[in-house]
Every structure is written in C-alpha cells, then in structure tokens.
Ligand SMILES: *Cc1c(COP(=O)(O)O)cnc(C)c1O
Ligand SMILES: [Zn+2]
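In our numbering, the protein residues as written are 195 to 614.
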C-alpha cells in the first residue's frame, strides 16, 4: 500500500520528497500531498471500504501513510444523525448532524488529524510530538502520544477552560501555557520546532496532519449512501477542515465513488473572531488578522494559516459563511441539546447558529439536504454554559417538599385550581 507520490507546493507547483516539510523553499507556499489517483481507483471500491473496520483508516489509500496505521484505530466513523427535531425547529426538510463530539478518544474532530499525524511521525522516526493548540488539539496529541508511547509537549494559550487543560494533563504530557492568544502560541511553536526538531503535528507535519480532516467528509458521503449532501456547514479556525472537506468530496468524485452532484460549503465563525468571514463578505482574498474575543475558544484564531484556502473552497463550491455573537452561540448549543440530545461546545454552537442564520436569510434552501458538522464536545467547556442553564432545585428528602416544588413549577393551572 501507499499511494503518496510526494509533496508539492500549492502555489508554484514545485515538488518535494515525502519528508517532514511544510513550506516551499522558493515561494513559501504550503506543501500538499500528491497521490496516485489511478492506483487508488484500482485499489478500492465501495464494497472494500464497507468491509473494513469502522474507523478513519477505512479510507487509508487516501491518507498519507506508507505502512500500517499506528494510532487512531478507534478514531473516526462518528455518527451521522438524522436530525428530525432540529430540522423542525429550523424549518428544513432533510437535516443531518455529523457528530464528531463523540470522536474517540478526545471528543473532537482533532482525533482525525492527529491519528494521521502521529502515525506519520512514527514512520518518520520522531520520538517527541508536539502542537500549538487552542485546546482540543492538545487533548488529542497528548492522548495519542500516550497510546503510542511517545514524549509529548503541548502548547496552549493561558486562560483555557478546565476541561481542556485537564483533558490534556491527564495523559501526562508537558503542558506549556503561553501568556497571550493562539497566534502568540503558534509563533513561538514555529521557533521551537526549528530549534528542537520535534514533530509539531500542525506545523512541520501539517501536510500529513491536515489530510486526516478529509475523513470527516468521506464518512459523510459514505453514511449518506455514497452521496454528497447539497450543503454542509462547518466552523473555521486555522482553516484546516473546511478546504479538506472540499478536497475529500473532489477525491471521491475523481476515483468514481460518488457522483458529482455539487456540495456547497459554508464557513462558521464567532463574531468575536471572524477574520475569514470578514474577508468573505468584503469580497477580498486578503485576510486581516483580528484579536480574538469570544467564548468559542477552540476556534479563536485571529490569523488563520489556511484562511485563504477556506475562502477559495467556499467560493468555488458556491457556498458562503456567517458569523454569530456569543449569545447566539449559547442559543445554538442549547438548541442542539434540546432537540437532538447532543451537547456540543461553543464551536458547535457556532455551527448550529450559523446554519440557522443561513437558512433564515435564504442562503441555504429549506428543501435540500443539509449537514451540520459538530466538531467538539460540550462536557469540556462547562464554564461557558454554566450561567445559562437552570440550576438544580435544592429540597429536603420529603415527598411534601417535592409536591410543593412540582406544583410551583409544572402543575397545570387547571389542576391547581381544582385542588388536585
Ligand atoms: C480545531 C477546531 C475546529 C476547526 O478548526 P480548523 O483549524 O479550521 O480546522 C472546529 N471546531 C473545533 C471544536 C475545533 O477544535
Ligand atoms: Zn512554491
């Protein structure tokens, strides 16, 4: 197996060998994996994929490893939930939630990219893995490093939620909290990467890492019965997942696994950190960095590395994007929880709220298939919703106390009047 031909610069086309490289030496453009698609088309079929384990490696010909996968054997293949009650609430006909809030083992879409990056890091012979993270990536790198027995350093901005901090620390990495925001963390990590020669999954292994995000798209198509949805909404932070969904759909068409029925892709950001949406609405390719100020910490990246490619993929697909306020994000979290029983973090609240906004404004038609990607889990970010849910009613353990409470809260007025 192994259908990777090498690396190639996205901008000038210069070719590079399969090495831990990520930028072009001549034009500083990002490097991307080049595959032998003819070989892949001969090697796989819908039937072959269907017979494989239900994890993200079922699409391994389209992933950049040469040998056997080393981690992520339980990652991916998350549920695609037919969301009838959320559909009714939003007034649409055919709605699905792609639920990466239950991805194994760290409950976000990042387990996809990290499974690929760490398998590749092991192939390259690295003994220390690392990342610049807004929280979820650190959780995933720490967990997968533990499973693989690698040394691990994770770098995060200070001030993250407890669930994200402890959700890394428990696996035993060194966690370094940098004073500042993600963009400060990222800048420092480039320097550390150069000096220490570690495998930074989202820096020097980025071309390999980002390919893992395609599996979210492959699964959506497979779970719809090898069809593309008409519309898909996903959050954008550094800009990895959205362009990779576009790539995933194109690859499936190219190797003949789905028909090219077109899928419009929509980017979701928080108003407090919307550099990509700002550029989209201005109609420019130039992304002006912003200073993040939002409860959606996992997507709070003010200077997105691949923001340009998000714009390109959105425009090429005929999609669009929106940003929503922190209040709308909280409403989005509650709406998903109360209609579908799925508890997501603020990034997922953003995805729901943006889908709602795009439907209400007529950008997404009500009678076509829509997928909302839910990329993270709400149990990690309890602080952000603690003030906007009902507190428990504290009573003593007597039936009379409960009777009184029930009458006050929920007994219908007629029953109350009739003294029942
Ligand atoms: C990282 C992340 C995203 C998207 O980030 P990209 O860098 O654009 O791929 C979305 N949701 C959650 C919960 C994340 O952790
Ligand atoms: Zn180049």
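Backbone N, C-alpha and C define an ideal beta-carbon position, used for all residues, glycine too.
Under 7 Å from any heavy atom of ligand 2, does the C-beta of residue 581 make it? As a first step, residue 581 is located in the chain shown; it is residue number 387 there, counting from the start. The answer is no for residue 581.
Could you compute how far the alpha carbon of residue 441 sits from the alpha carbon of residue 321? To locate residue 441, count along the chain shown from 1; it is residue 247. To locate residue 321, count along the chain shown from 1; it is residue 127. Roughly 31 Å separates the two Cα atoms.
Residue range of the unbroken beta strand (DSSP E) whose run includes residue 369: Taking the chain shown and counting its residues from 1, the one referred to as residue 369 is at position 175. 368-372 is the extent of the beta strand (DSSP E) around residue 369.
Is the Cβ-Cβ distance between residue 439 and residue 410 less than 8 Å? Position 245 of the chain shown holds residue 439. Position 216 of the chain shown holds residue 410. Yes; because the gap between Cβ atoms is below 8 Å, this pair is in contact.
Tell me where the beta strand (DSSP E) around residue 458 begins and ends. Counted from its first residue, the chain shown places residue 458 at position 264. It spans 458-464 - the beta strand (DSSP E) in which residue 458 sits, taken as one unbroken run.
Distance cut 6 Å, beta-carbon to ligand 2 heavy atom: residue list by chain order: 203, 205, 206, 208, 218, 220, 221 and 223
Quick one: grab the DSSP three-state call for residue 538. Stepping through the chain shown from its first residue, residue 538 is reached at position 344. Residue 538 falls in the strand class under three-state DSSP.
Selected residue, minimal CA-CA separation from residue 330, among 539, 213, 612 and 546: Numbered from 1 along the chain shown, position 136 holds the residue referred to as residue 330. Measuring from the Cα of residue 330, the nearest candidate turns out to be 539.
Rounded separation between residue 469 and residue 375 - CA only: Mapped onto the chain shown, residue 469 falls at position 275. Mapped onto the chain shown, residue 375 falls at position 181. The alpha-carbon atoms of residue 469 and residue 375 are separated by roughly 15 Å.
Residues near residue 561 by beta carbon distance below 6 Å, same chain, minus five either side: Taking the first residue of the chain shown as position 1, residue 561 is located at position 367. Closer than 6 Å at Cβ, skipping near neighbours: 287.
CA-CA distance, residue 357 and residue 466? In the chain shown, residue 357 corresponds to position 163, counting from 1. In the chain shown, residue 466 corresponds to position 272, counting from 1. One C-alpha to the other measures close to 22 Å.
According to DSSP, residues forming a beta bridge with residue 346: Position 152 of the chain shown holds residue 346. Per DSSP, 323.
Going by C-alpha distance, which of 226, 208, 206 and 230 is nearest residue 198? As a working mapping, residue 198 is identified with position 4 in the chain shown. The residue with the shortest Cα to Cα distance from residue 198 is 230.
Within the continuous alpha helix (DSSP H) that includes residue 317, where are the two ends? Counted from its first residue, the chain shown places residue 317 at position 123. Here the alpha helix (DSSP H) through residue 317 covers 304-318.
Residues in its own chain within less than 6 Å of residue 334 by CB, not counting five upstream and five downstream? Numbered from its first residue, the chain shown carries residue 334 at position 140. 300, 304, 305 and 308, listed in sequence order.
Reference residue 267; option with closest CA among 203, 338, 243 and 332: Numbered from its first residue, the chain shown carries residue 267 at position 73. For residue 267, the nearest C-alpha among the options comes from 338.
In three-state DSSP terms, what is residue 408? Locating residue 408 in the chain shown gives position 214, counting from the first residue. Here residue 408 sits in helix by DSSP.
Backbone secondary structure at residue 516 - three-state DSSP: The residue given as residue 516 occupies position 322 in the chain shown. Three-state result, residue 516: strand.
On the three-state DSSP scale, how would you describe residue 522? Residue 522 sits at position 328 when you count from the first residue of the chain shown. Note: residue 522 maps to helix in three-state DSSP.
Should residue 398 be listed as close to ligand 1, given that the test is whether its C-beta is under 7 Å from any heavy atom? As a first step, residue 398 is located in the chain shown; it is residue number 204 there, counting from the start. Not under cutoff, so the answer is no.
Can you tell me whether DSSP reads residue 199 as helix, strand or coil? Here residue 199 corresponds to residue number 5 of the chain shown, with the count starting at 1. Here residue 199 sits in strand by DSSP.
For residue 292: DSSP bridge partner residues: By 1-based counting over the chain shown, the position of residue 292 is 98. Per DSSP, 274 and 567.
Cβ of residue 524 versus every heavy atom of ligand 1: is any distance shorter than 7 Å? Position 330 of the chain shown, counted from the first residue, corresponds to residue 524. No, since every heavy atom of ligand 1 falls outside the 7 Å radius drawn around the Cβ of residue 524.
Does the separation of the CB atoms of residue 458 and residue 425 fall below 8 Å? Walking along the chain shown from the start, residue 458 turns up at place 264. Walking along the chain shown from the start, residue 425 turns up at place 231. Against a cut-off of 8 Å, the Cβ pair of residue 425 and residue 458 comes out as a contact.
Taking the alpha carbon of residue 570 as the reference point, which residue from 417, 584 and 296 has its own alpha carbon closest? Sequence index remark: in the chain shown, residue 570 carries index 376 (1-based). When only C-alpha atoms are compared, the closest one is 296.
Compare the C-alpha of residue 523 against each of 605, 582, 373 and 324 and name the closest. Counting from 1 along the chain shown, the entry for residue 523 is found at position 329. It is 582 whose Cα lies nearest to the Cα of residue 523.
State the DSSP-derived secondary structure class of residue 222, mapped to helix, strand or coil. Numbered from its first residue, the chain shown carries residue 222 at position 28. Coil at residue 222, not helix or strand.
Given residue 392, which residues of its chain have a CB within under 6 Å of its CB, disregarding the five upstream and five downstream residues? Here residue 392 corresponds to residue number 198 of the chain shown, with the count starting at 1. Correct list, in chain order: 322 and 324.
State the DSSP-derived secondary structure class of residue 298, mapped to helix, strand or coil. Within the chain shown, numbered from 1, the residue matching residue 298 stands at position 104. Three-state result, residue 298: coil.
Under 8 Å, do residue 461 and residue 508 count as touching if we go by C-beta distance? Walking along the chain shown from the start, residue 461 turns up at place 267. Walking along the chain shown from the start, residue 508 turns up at place 314. Closer than 8 Å, so yes.
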